[in-house]
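Here is the structure we will look at.
Residue numbers (this note's numbering): 12 to 265.
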C-alpha cells in the first residue's frame, strides 16, 4: 500500500516559476533579489560567478538554490521563506520536500562562469524555461518544437546532464515533465515495477550520453499514456517520482 506523500510544494514551485518568468528581461532585478535572499537569511552566498560578481542568472539556478542534495532542512526552510516574501508568493510554504529531485551542491549552477560559458548559454536556459512553461500550458506542435530546440541547447552545455536539466523541468511543472534522475531511471528501467511491454518501447538512456529532446518527449508521451491508463496504480509524474524515491530508500536499506 502506498504511503502518503505531501505534494504541497507543487503550488509554491509552480507559482515561483511564473514569477521568475517576469524577470527574463530584468536579470539585474533577479540578481538583486538573489543577493537579498542570502543577506537576509545569513546563509553564505553560493559561488554563482567569478568572485561572486553576479550580473546574470537563469531561473533553474534560482530553483537550485534551495534544491541541493546536502542542504540542511533548516537552511532550505529559511531560503524558501525568504523567496516567498521577496517574490510575493501567495501559495503556502511547503511543509515537506520529500522525494523532490535535487542537484549536487558542487554542480547546482546551470551555467559556467563568465569567460567559460557560451555567449548565449544563460539566454538559452531562459529559452528552455519559457518554452517549457508554454508547452506545459499548451502542448501544441509549435510549442513542442520551441521546447525541443532549447532542451537540446541546454542539455548539451558543459556540466548540464540529463538528470540536472530534467529535474529542473520537473520543479517548474511536475504534471508535464519527468525527472530522469537516478531514482526515476532505476525505477522505470530496472525495478520491475513497470510492465516490460512498456519499458522495452522507451528510448534507452545511456550513461554519460545526453538525451536528445526527441527521446525525452517520447518517454514523456509513453509514460503519460501508461499512467493515465487503468493498468497503472500510479497516476502522474509526481506519484511516480515519489514511488521511485521510496523504492530507492528500500533498496539502500537492504
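Don't be surprised by glycine CBs; every beta carbon is placed ideally from N, CA and C. Since we're looking at a predicted model, the values are computed, not measured.
- Contact between residue 75 and residue 121 holds, with the beta-carbon distance rounding to 7 Å and staying under 8 Å.
- Here the C-alpha atom of residue 60 lies approximately 11 Å from the C-alpha atom of residue 128.
- In the DSSP assignment, residue 117 falls outside any alpha helix (DSSP H) and carries neither an H nor an E.
- Within the DSSP secondary-structure output, residue 79 pairs in a beta bridge with 114.
- For residue 23, the enclosing alpha helix (DSSP H) covers residues 20 to 32.
- Between residue 247 and residue 195, the C-beta spacing is not below 8 Å.
- Per the Cβ contact rule, the stretch 202 to 221 is in contact with the stretch 231 to 239 (3 or more Cβ pairs under 8 Å).
- Annotation for residue 52: 89, 90 and 93 place their beta carbon closer than 7 Å to its own, counting only its chain and skipping 5 residues before and after.
- Residue 208 counts as exposed, since fewer than 16 other C-beta atoms from the protein chains shown sit within 10 angstroms of its C-beta.
- Contact between residue 224 and residue 140 is absent: CB atoms are separated by about 15 Å, not below the 8 Å threshold.
- With contacts defined by Cβ atoms closer than 8 Å, residue 79 and residue 119 form a contacting pair.
- Around residue 136, the same chain offers 69, 71, 121, 122 and 165 as residues with beta carbons nearer than 7 Å, after the five sequence neighbours per side are excluded.
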